[in-house]
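Step one of this worksheet: look at the structure below.
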Amino acid sequence: MSDVKKLAEKLMALDDQMVACMKCGMCQAVCPVFAETMLEADVTRGKIALLEKLAHEMIKDPDEVNEKLNRCLLCGSCAANCPSGVKIMDIFIKARVIVTEYKGLSATKKLIFKGLLTRPKLFNLLTDISAKFQGPFASVADESAGTASCAMLNPLLGERHFMPLTKKPFRKDYPSMDTPRGVSGLKVAFFPGCVVDKMFPHVGHAAIKVLKHHGVGIFLPKGQACCGIPTLASGDQDSFIVLMKQNIKAFEDGNFDYLVTPCATCTATIKETWIKMIEDEDPIFIEKVQDLADKTMDITEFLIDVVGISVPDESKKGGKVVTYHDPCHLAKSLGVTAQPRALLKKNDKYEFKEMNEANRCCGCGGSFNLYHYDLSKSIGERKADNVRAVGAEVVTTSCPACMMQLGDMLSQSGGGIEVRHVLEIYADSIEK
Ligand code: SF4
Ligand code: SF4
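Note that my numbering gives residue 365 to position 363 of the sequence shown, counting from 1, and the numbers run on in steps of one.
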C-alpha cells in the first residue's frame, strides 16, 4: 500500500466528524484569516473539503493540503459559531497529527520539541543563558508595552517588537511551594506556564499575591513542563504526551481542590485537549488526566466563581482607561468572559471601557505568527486599532501569548499603551 493511501486511510477516521459539515459557509463570517485573504482554502469549509478529498483519494498532494491546514490560528471562532456543531478543532488537530506522521517533523521542530521542550531542565537552562546574553539583541522599543527590537535580528524575527526573556524567571523566586488552606478553606495547584515563567514573571507574582490575600493554599510542584500545545499544534503527538506525563507526575502528589493558571491557552489545553489525545494510553493514566482536567480552571474564573470575590456593577469613573481583550482559548473554548472584566472593576484607579471586537482573535496563533507573520500582523493591527479607538491607556488580557502579540502590535504602531494581565490590575488594588 502506498504511503498516500495509508495517509488517506488514517484521515478516514475523521470522516464521521467531517461529514457533519453541511458546507453552509457561516464560518466565513468569523474567520480572521479568511477576512484577510478571502480564500476558500483559508476557512474551515474549504479546509474540511480538502481533507475529505485527501481522505477519499480524490487529491493526491498531501503537501498542499498540509500547507492550507496550517494557515489557521486554531482560534476556534469557527467552531464557536458553527450551526452544525462540527468538532472543528478536533478535526484540525488530529489531521495535523496524521499528516505530520506521514510527512515527518522538520529537523528544526524535532530539535526544539524532542531535544528541548520535553527536557524542561535543559530548556530552562538554555532560556536562562539566552536571557543573560540577549542585551545587545534587545534594545527597548516601547517601555509601556515592555517590548524590544533588534535590526540585526531582522532576518530571523522580521520587524517584530518582541518581549525579551526575563533575567529572573518566576521559578527562581518560587521553585516550589506547598502552603496549607487559609481562611478560604481552599487549596489550588498553580501552573504558571512557560511564557509567564520566562517573560512575564510579574504575572506569576500577582497570582501568588492574590491567592495568599484570599487565604488560598498553594501547591506549586517542581518538575512542571510545558502544557504541550506548541508540539501538538505542529502535529507532534508523541512530544505532547511526553509533556503531559511529566506534568501529571509533577502534580500527582498534591492535595488540592483546583488547578489554576493565568494562561488561557494552558487552561484550555489541560482542561480540554489533553484527554482527547490519549485514547490509546493506560486507563489509570487516562483517569489521572481526566481528574486533573476536571479540576482545572482559569484563575480569574476561580477567584470570582469559587472564592466569591464581590464586584461592583460599574467601574469607577475618571481613572486610567483600561480595556480587555478576550483570549480565544478562554472566551471561545471555555466561555470565560465576565470574570476577568469583573476583576478589573475591583481596582478603582481604573475605568473599564469595552472596546469594539474585544473577542476577535489578536492574530497570534502560536506558530502561525512565526510562519505567517504578514497575516498575523494584519489581524493584530485591527486589534491595536480597536484598543486605541476606545481611548485605552492600558490593555489587559488573560493570556501571555496574547500579551506578546498585543505588545508587538501596539509597540509597532506608536507605543504608549501598557499591556498587562488582568491579575496584575487586581493585585495592585490589594494592600500588601
Ligand atoms: S459553519 Fe460549520 S457547517 Fe457551516 S461550513 Fe463552516 S464548518 Fe461547515
Ligand atoms: S480556527 Fe480560526 S483561523 Fe482557523 S479556520 Fe477557524 S476561524 Fe479560521
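We put the beta carbon where it would ideally sit given N, CA and C, even for glycine. Since the structure is predicted, the reported quantities are computational estimates derived from the model, not experimental observations.
By the DSSP assignment, the alpha helix (DSSP H) with residue i in it spans what residues?
i, result
"Met405", "Pro402 to Gln414"
"Glu54", "Thr46 to Ala57"
"Lys169", "That residue, Lys169, is in no alpha helix (DSSP H); it is neither H nor E in DSSP."
"Tyr375", "Tyr375 to Ala391"
"Ser335", "Cys330 to Leu336"
"Tyr1", "Coverage of the chain is limited to positions 3 through 434, which leaves residue 1 absent and any answer about it impossible."
"Phe354", "Note, Phe354: premise wrong, no alpha helix (DSSP H); beta strand (DSSP E) at Tyr352 to Phe354."
"Ser241", "Gln239 to Phe253"
"Gln341", "Ala340 to Leu346"
"Ile231", "Ile231 to Ala235"
"Lys284", "Looking at the sequence provided, one finds Asp at residue 284 rather than Lys. Segment: none, Asp284 is in no alpha helix (DSSP H) and carries neither H nor E."
"Ile210", "Pro203 to His215"
"Ala10", "Asp5 to Leu13"
"Pro64", "Pro64 to Asn72"
"Ala227", "Premise fails: Ala227 is in no alpha helix (DSSP H) and is neither H nor E."
"Lys436", "The question about residue 436 has no answer, for the chain in this structure spans 3 to 434."
"Met279", "Segment: none, Met279 is in no alpha helix (DSSP H) and carries neither H nor E."
"Thr267", "Ala266 to Ala270"
"Met60", "First-last for Met60: undefined, no H or E at that position."
"Asp18", "Asp17 to Met20"
Using 7 Å as the threshold, is the C-beta distance between residue i and residue j below it?
i, j, result
"Asp300", "Leu332", "yes"
"Val190", "Val218", "yes"
"Gly382", "Met411", "yes"
"Gln248", "Ala227", "yes"
"Thr398", "Tyr326", "yes"
"Thr298", "Pro342", "no"
"Ile61", "Lys55", "yes"
"Pro402", "Cys265", "yes"
"Leu305", "Val424", "no"
"Cys33", "Val45", "yes"
"Gly160", "Tyr373", "no"
"Pro97", "Ile90", "Before going on, a small fix: residue 97 reads as Ala here, not Pro. Not a contact, by the Cβ cut-off of 7 Å."
"Gly418", "Thr149", "no"
"Ala51", "Leu13", "no"
"Asp259", "Leu107", "no"
"Val324", "Val396", "yes"
"Ser335", "Asp144", "no"
"Cys330", "Cys77", "yes"
"Gln407", "Cys366", "yes"
"Cys23", "Val101", "no"
"Leu245", "Gly225", "no"
"Leu167", "Thr129", "yes"
"Gly321", "Glu353", "yes"
"Ser317", "Ala235", "no"
"Ala133", "Lys169", "yes"
"Ile432", "His215", "yes"
"Ile220", "Met179", "yes"
"Thr233", "Phe94", "no"
Please find out if some non-hydrogen atom of ligand 1 comes closer than 6 Å to the beta-carbon of residue i.
i, result
"Lys25", "yes"
"Val88", "yes"
"Cys84", "yes"
Should residue i be listed as close to ligand 4, given that the test is whether its C-beta is under 6 Å from any heavy atom?
i, result
"Met28", "With respect to ligand 4, the structure offers nothing, as its ligand set consists of ligand 1 and ligand 2."
Report the partner residues of residue i according to the DSSP bridge assignment.
i, result
"His423", "Thr399"
"Met179", "Leu222"
"Ser86", "Answer is none; Ser86 lacks a bridge partner."
"Ser151", "Ser141"
Over what stretch of residues does the beta strand (DSSP E) that includes residue i continue unbroken?
i, result
"Ala43", "Unbroken run through Ala43: none, as it is neither H nor E."
"Lys322", "Lys322 to Tyr326"
"Lys189", "Leu188 to Phe192"
"Leu124", "Element bounds for Leu124: not the beta strand (DSSP E) but the alpha helix (DSSP H), Pro122 to Phe135."
"Val262", "Tyr260 to Thr263"
"Thr298", "Thr298 to Asp300"
Could one say the Cβ of residue i lies closer than 7 Å to chain D's Cβ atoms, at least one of them?
i, result
"Cys364", "Of the protein chains in this structure there is only one, and it is not chain D."
Notebook entry, point to check: What is the chain-ordered set of residues for which the beta carbon lies under 5 Å from any non-hydrogen atom of ligand 2?
Noted result: Going along the chain, the residues that qualify are Cys33, Val35, Thr46, Cys74, Leu75, Cys77, Ser79 and Cys80.
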